[in-house]
Amino acid sequence: MANALRISPDFFVHHLVEDDHIREAAKKAAKLTDGIVRINDIDDLSKKILGSNKSDQPRDFHKDPSDQREETEVKSVIVSCALKDRPWAEWISWTLRAGGYNSEVQVLPLENETTVEDGAEDGLNADLLIGLVSGHAFEKHCHLAWEKFQSRSFRSGQSRLLLIEISSLEGSSLPPPLRRAASVDLRELDPQTAVGVILLGVRQTLGHRSAPPQPSGLNGIPPDFPGTDQKLHNLKLSRNRNFVGRSWELESLRKRLESGSPTALTQAAHGLGGVGKTQLANEYAYRWRDSYQVVWWVRSEDEATMTTDLTALAKALNLPFSTSQQAVESLKQWLLGRDRWLLVFDNVESPGSIRNYLVSGGQGHTIITSRYSAWRGVADSLNVTTFDRQDSIAYLLKRSGRESNEGADALAAALGDLPLALAQAAAYMEESGLDFVAYLELFQSHQGHLLKASPPVNEGSYSHTVATTWDISFKRLAETSPAAPELISLLAYFAPDAIPKEIISVAPESLSGSLRNASEEGFPLQEAWRAMHRLSLVEAGPNTVTIHRLVQEVIFQGHSHEQQLQYANTALELAVAAIAYEENNKDTWNKSLPFLPHAIAAANQSLRAECQADKAINLLDNVASIHWKLGQNTEAEDVYRQAMIQGEKHLPDGSSILGTVYNNLGTLLRGEDRSEEALPILEKALDVGLKVLGPDNPTVAIRHGNLGLALRRLGRLEEAEKNFRRALEIDKSHYGENDDAVARDLSNLSRSLSEQGEEKFGEACDCLRRALEIGEACYPEHHYRLAIRHNNLAMLLRKGGLLDEAEHHMRCAIEIDEKYFDPEHQDVASDLMNLALILIDKDDLAGAEQQLSRALQIFHAKLGASHKSTEECREKLVEVRVMRGNERG
28 MANALRISPD FFVHHLVEDD HIREAAKKAA KLTDGIVRIN DIDDLSKKIL GSNKSDQPRD
88 FHKDPSDQRE ETEVKSVIVS CALKDRPWAE WISWTLRAGG YNSEVQVLPL ENETTVEDGA
148 EDGLNADLLI GLVSGHAFEK HCHLAWEKFQ SRSFRSGQSR LLLIEISSLE GSSLPPPLRR
208 AASVDLRELD PQTAVGVILL GVRQTLGHRS APPQPSGLNG IPPDFPGTDQ KLHNLKLSRN
268 RNFVGRSWEL ESLRKRLESG SPTALTQAAH GLGGVGKTQL ANEYAYRWRD SYQVVWWVRS
328 EDEATMTTDL TALAKALNLP FSTSQQAVES LKQWLLGRDR WLLVFDNVES PGSIRNYLVS
388 GGQGHTIITS RYSAWRGVAD SLNVTTFDRQ DSIAYLLKRS GRESNEGADA LAAALGDLPL
448 ALAQAAAYME ESGLDFVAYL ELFQSHQGHL LKASPPVNEG SYSHTVATTW DISFKRLAET
508 SPAAPELISL LAYFAPDAIP KEIISVAPES LSGSLRNASE EGFPLQEAWR AMHRLSLVEA
568 GPNTVTIHRL VQEVIFQGHS HEQQLQYANT ALELAVAAIA YEENNKDTWN KSLPFLPHAI
628 AAANQSLRAE CQADKAINLL DNVASIHWKL GQNTEAEDVY RQAMIQGEKH LPDGSSILGT
688 VYNNLGTLLR GEDRSEEALP ILEKALDVGL KVLGPDNPTV AIRHGNLGLA LRRLGRLEEA
748 EKNFRRALEI DKSHYGENDD AVARDLSNLS RSLSEQGEEK FGEACDCLRR ALEIGEACYP
808 EHHYRLAIRH NNLAMLLRKG GLLDEAEHHM RCAIEIDEKY FDPEHQDVAS DLMNLALILI
868 DKDDLAGAEQ QLSRALQIFH AKLGASHKST EECREKLVEV RVMRGNERG
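Heads up: the sequence shown begins at 28 in my numbering, then just goes up one per residue.
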């Protein structure tokens, strides 16, 4: 810097007599320019100033017992720096506090974090702002803050900005507004000289004599001088050039470690193998390496490797020792007295294995990575989970070098967002030239092979494949709990998320071996849950556990065919016991809800293992039926279609179970006004019934009725009437005249009759009134089947112009559905819309608008904005509002 430290003669005379360190610093670094006397031989001038009475012995510049000067106001100094220069700023701030100033560090914000003006406010309020000039700080977002401060200082006639150069500007030069500021150069100075130069520059800039020294440092320990740091690091992993995401985890680690809280100085990053714990620690070490004097990576799989790596650090620090144990103890003592160090203990087995190697009471930072989850009392815990989806996609794009993200989302989902699996997939794609879509197709058909493929290269810590990375955890699990290996094997046959622990106990007779004994005794089963959670193989809550889908897949692939049959059969039996479905018992629907995804998974795993296909298909049918009963039609259709596809694949022609699936899926589609899709499926259902059950079976009557309903919706009224009359004939013969099955057939027949002209209208009304009469005798007061019959009768009466009677029956339907289901059920919305139509016919437009508004809210919430029922209701509401507007006009 061109004008490094300018000193006036008066200032020199005033201060040099008392500060030998500053005099010595001035001899090495001070020059006076711009018309001020240049001191070429500072020794000659000091002799003239000091005279012969000056002691030859240097004095402590911090504490001068003979100093009789009057104490003055303590000045405040802000040391402003870029993030990477923080060690310098902390050392300079400590030096100033020791020299009698109030001093704090201000780390300038990054451009994308806050504005320069916001980041500089503290400096603007201080007596002096020190700006650290280096290649790191010489960025627009840093020096603009100093320029702003300097412009204020010169306008007020006070130059209160001091620039301290700590490293080269790397070819740049200071902006013109900053060239007027006082400046000093600390490059290549030893610590003692640097202290003198800093204090001299501050006093010259402020024109102020400092107050008595203030307390400083961390527990009285001064920071290490950055200028002569011998930085030690042994980072064993190269920096992962494909690292993405983890912003929250990195920031959380930094904030916790920097908080100064003794309990936060040791952080344990724990989680499932392959989730990226080591990569996270490695990135942290590289990102903040310049903030530490020592960064040391300690392999911690066992005590031998820990001792070896810690001994290597003690040797690098030239600490005295003769044995490895002495080396560890000597190192701990050295670390205890310092604060700028980071130890990373990677892949620690448990708290007990590392406890004797941690520095108790030290001020440095420690990061532990482990699959073990219980660190309370030893370290703060940071649970490292899988990537979020956007980070998964970003990683796949970056690692594979592809520009198109087509198929990346689906691939990330299939891999469960597990970083190791993503790395392995990207490496395979790079070698094979496959894109995301092609790899996903290959993965879906060859999961076992791809999970065992070679580990990804150039990924730092990934030395295992997905198929092998959990081997050590499985081995440790077997040593910890006899029942745990069987328990986790069984969990592989359920869905991965929120598995109810209760499912293991619903049918204990289905269990075998140590797991059955553990279930019967209770406590061993709890120990098995705890062991899996402790090793991060599952995430356990009070009532549920979650296991990664690839852990499940690796377990499944590791089973022999006999084991697959055994566990698939057990999981299926447990799921069947958990799904206590009764068609007319709503309580069983809600009770079964938590088990539904696990029943689907158990059924599919059973089919995958070619075990009990008929029971698995029947279970899928029951799960779909519960979804349907609860108004979850989309989910119901998906599961019914699974059951149909799997049934056609695994069951023999003419299977009665497959016939039931056909009937239920076709009925659901017909109920959604998709009769064209439903018709061929319902025809299959009837064909199976006729072949398997015979023409006079009451189940065949049901299928005649359902087929008739689809035919009626398609306008094929005579065919529909034929099927309804055949159903009625079968049921009267089987049940008698007063059974509800007969009432159902009468209701269906009434619909087809009413649509064939006035000559059949009277018979249609008689059929519905008789059906309602039978139903009221057969069902409780508020059963949903009665609502259906009230609804049907109301709409038929509306068609014949009998509006008052129609309104009465429709309101009865609404009341029943609200009580049987709930007021927000989609069947209630359909009732409300039908009531609105009756009210429109009665010229009650206000009442119609009220009913349609409520119906639209329910349809929108349950079926979505684009569903046909929602759109029809919206159109009718608009029509009524237009009619009301015209009426008002």
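Just so you know, even glycine gets a beta-carbon here, dropped at the ideal spot from N, CA and C.
Nothing here was measured: the structure is a model prediction, and the numbers come from that model.
Counting the other Cβ atoms within 10 Å of the Cβ of ILE672 gives fewer than 16, which makes it exposed.
Counting along the chain, no beta strand (DSSP E) covers HIS575, and no H or E run does either. Take LEU744, set aside five residues on each side of it, and the residues of its chain with a beta-carbon closer than 6 Å to its own are SER779, GLU782, GLN783, in chain order. Rounded to the nearest whole angstrom, the CA to CA distance from GLU506 to GLU276 is 32 Å.
By the Cβ rule, the segment 591 to 604 counts as touching the segment 537 to 549, because three or more pairs are nearer than 8 Å. A distance of 9 Å or more separates the beta carbons of HIS297 and ASN383. In this structure, the straight-line span from the alpha carbon of ALA125 to that of ALA354 is close to 34 Å.
Here THR293 is bridged, per DSSP, to THR393. Beta-bridge partners assigned by DSSP to GLU131: ILE105.
The continuous alpha helix (DSSP H) containing TRP118 extends over residues 113 to 125. Around the beta carbon of VAL650, 16 or more other beta carbons lie within 10 angstroms, which makes this residue buried. Inter-residue distance for LYS895 and HIS654 is about 20 Å (C-alpha atoms, whole angstroms).
Per the coordinates, the alpha-carbon of LEU717 lies some 21 Å from the alpha-carbon of HIS677. Our two residues, THR597 and GLN579, have alpha carbons roughly 16 Å apart in a direct line.
About 5 Å separates the CB atoms of LEU159 and ASP112; that is less than 8 Å, so the two are in contact. Between LEU830 and ASP868, the beta carbon gap of about 6 Å places them in contact (Cβ cut-off 8 Å). Looking at the DSSP output, ALA640 sits in no beta bridge, so it has no partner there.
Out of ALA640, ASP648, GLN639, the CA that lies nearest to the CA of LEU623 is found in ASP648. For PHE372, the three-state secondary structure derived from DSSP is strand. Within the segment 502 to 582, the complete alpha helix (DSSP H) segments at least 4 residues long are 511 to 518, 540 to 548, 550 to 561, listed from N- to C-terminus. Under the three-state reduction of DSSP, LEU156 is assigned to strand.
Distance from the Cα of SER682 is smallest, within the candidate group ALA712, ASN660, LEU696, for ALA712.
In summary, GLN593 is buried, with 16 or more beta-carbon neighbours lying within 10 Å of its beta-carbon over all protein chains present. Rounded to the nearest angstrom, the gap between the Cα atoms of ASN617 and SER532 is 19 Å. Boundaries of the beta strand (DSSP E) harbouring ILE191: 188 to 192, taken from the DSSP string. Counting the other Cβ atoms within 10 Å of the Cβ of ARG416 gives fewer than 16, which makes it exposed.
Beta-bridge pairing by DSSP links LEU259 to VAL321. Distance from the Cα of TRP323 is smallest, within the candidate group ALA833, LEU280, GLN360, GLY391, for GLY391.
For ALA875, the enclosing alpha helix (DSSP H) covers residues 872 to 890. Judged by DSSP in its simplified three-state form, ALA209 adopts strand.
Per the coordinates, the alpha-carbon of ASN570 lies some 50 Å from the alpha-carbon of GLU131.
Nearest to TYR128 by C-alpha distance, out of ALA116, PRO114, ILE105, is ILE105.
Ranked by how close their Cα comes to the Cα of ASP858, the residues MET822, ASP871, GLU832 have MET822 in first place.
ARG214 carries a coil assignment under DSSP once its states are collapsed to helix, strand and coil.
With respect to ALA510, GLU554 sits close: the two C-beta atoms are nearer than 9 Å. Its chain contains LEU155, LEU156, ILE157, GLY158, ALA208, ALA209, SER210, VAL211, GLY228, VAL229, THR232 as the residues whose beta carbon lies nearer than 8 Å to that of LEU189, once the 5 sequence neighbours on both sides are disregarded; these appear in chain order.
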